[in-house]
Amino acid sequence: MSFGDPNNPYGQQPQQGGQPGYGYPQQQPGVPQQPGVPPQPGYGYPQQPGQPYGAVPPQAPGTLQANNGYINVAGLGTVQVATMGRRLGARLIDAVAIGVLYFILSAIGVAGVFGLAKSADDCGDYMDPGYQSCIDDAAGGIIATFFGMMLIFFLVTLLYEWLMIAFAGATLGKMALGLKVVKENTGQVPGVGGGFIRWIIPIVGAFLCYIGMILVYLSPFFDNSGKLQGWHDRAAGTLVIKK
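Shown next, in the form of structure tokens:
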């Protein structure tokens with residue numbers, strides 16, 4: 001009776017040629033490796049130098065994680081997408097801030113109109129030689145004041161929404177609720193061009209009895225990518241995130 005190798009009590013034949021195990025490149029038996037052709041990968045993630053065993057490779061920027069509200073943004077890492085509740089709250093705060101400013105400007109404009117109307121009362125009798133000229137001046141002043149106030153309202157809205165988003169990435173409402181608008185591909189603030197595109201699209205929608213503007217602001221609900229990008233965000237290439 002012969003005894004085998006004491007280190008191999010079960011009589012198993014040793015593997016020839018160092019058969020690779022789990023997670024290593026596999027090669028078909030008897031098929032020579034072609035020069036210049038990399039070996040086929042085995043199971044599991046390929047390990048990078050210095051990467052812990054079993055670690056998942058980092059996700060590329062712009063990759064939305066599994067329906068948990070987080071996304072990888074270049075230059076920022078993993079950040080949380082702003083919820084629609086916070087965005088609506090920020091929009092309401094902005095509406096109040098702009099409303100207060102409009103009220104102050106309107107009070108100034110109304111005071112100017114009343115002053116011009118009073119000056120029309122002082123034009124004297126309609127039979128006076130300068131009466132018609134005085135009335136025309138007062139009426140012209142009232143019309144100029146009205147259109148001037150409309151222009152000021154437009155510029156206030158433009159500068160508030162456009163420039164604050166362009167250079168700070170947030171309006172007062174977004175700052176109050178910890179939100180920021182960033183470029184999806186860089187993580188930086190939108191800049192002048194991105195801020196203007198993001199501002200002008202809702203404004204154009206407002207010409208349709210404000211229905212278009214409302215749809216633009218509600219459009220993140222229609223985004224099935226999970227990024228909650230509105231139509232204005234997609235056009236400008238921006239995301240609204242939580243800081």
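Positions 1 to 243 (the UniProt record's numbering) are the ones given, in order, by the sequence shown. Heads up, the beta-carbon is just placed ideally off N, CA and C, and yes, glycines get one too.
query, result
"Quick one: what's Thr78 bridged to in DSSP?", "Asn72"
"Helix, strand or coil for Leu228, going by three-state DSSP, please let me know.", "coil"
"Assign Lys242 to one of three DSSP states: helix, strand, or coil.", "strand"
"In terms of residue numbering, what span does the beta strand (DSSP E) encompassing Leu155 cover?", "Where Leu155 is concerned, there is no enclosing beta strand (DSSP E), although the alpha helix (DSSP H) it sits in stretches over 131 to 157."
"What are the residues that DSSP puts in a beta bridge with Lys183?", "Thr238"
"If you run the structure through DSSP and keep just helix, strand and coil, what is Gly169?", "coil"
"If you draw a straight line from the C-alpha of Gly226 to the C-alpha of Gly89, how long is it?", "20 Å"
"Please list, in chain order, all residues of the same chain as Asn224 whose beta carbon is under 8 Å from its beta carbon, the five residues on each side excluded.", "none"
"With DSSP run on the structure shown, which of helix, strand or coil describes Pro190?", "coil"
"Pop quiz: Ala166 and Val189 are said to be a contact at Cβ under 8 Å. What is the actual Cβ separation, rounded to whole angstroms?", "7 Å"
"Going by Cα to Cα distance, which pick from Leu228, Leu179, Gly187, Gly169 is closest to Trp199?", "Gly169"
"From Phe222 to Met213, what does the alpha carbon distance come to, in whole angstroms?", "15 Å"
"So which of Gly237, Gly230, Arg234 has the shortest CA-CA distance to Met84?", "Gly230"
"Determine the DSSP secondary structure at Asp121, reduced to helix, strand or coil.", "helix"
"For Gly212, report the span of its alpha helix (DSSP H) as first-last.", "211 to 218"
"Is the beta carbon of Ile241 sitting closer than 8 Å to the one on Ala74?", "no"
"Kindly indicate which residue of Met175, Asn72, Met164, Leu208 has the alpha-carbon position closest to the one of Leu191.", "For the sequence presented, residue 191 should be read as Gly rather than Leu. For the residues Met175, Asn72, Met164, Leu208, the minimum Cα distance to Gly191 belongs to Met164."
"Leaving out five residues on either side along the sequence, give the residues of the same chain with a beta carbon under 7 Å from the beta carbon of Ala236.", "Pro190, Gly194, Ile197, Arg198"
"Please classify Asp223: does DSSP put it in a helix, a strand, or coil?", "coil"
"Would Phe153 pass as a contact of Leu105 if the rule is Cβ separation under 8 Å?", "yes"
"With a CB to CB cut of under 7 Å and the five nearest residues on each side skipped, what residues in its chain are close to Asp94?", "Thr171, Leu172, Gly173"
"Helix, strand or coil: how does DSSP classify Gly109 here?", "helix"
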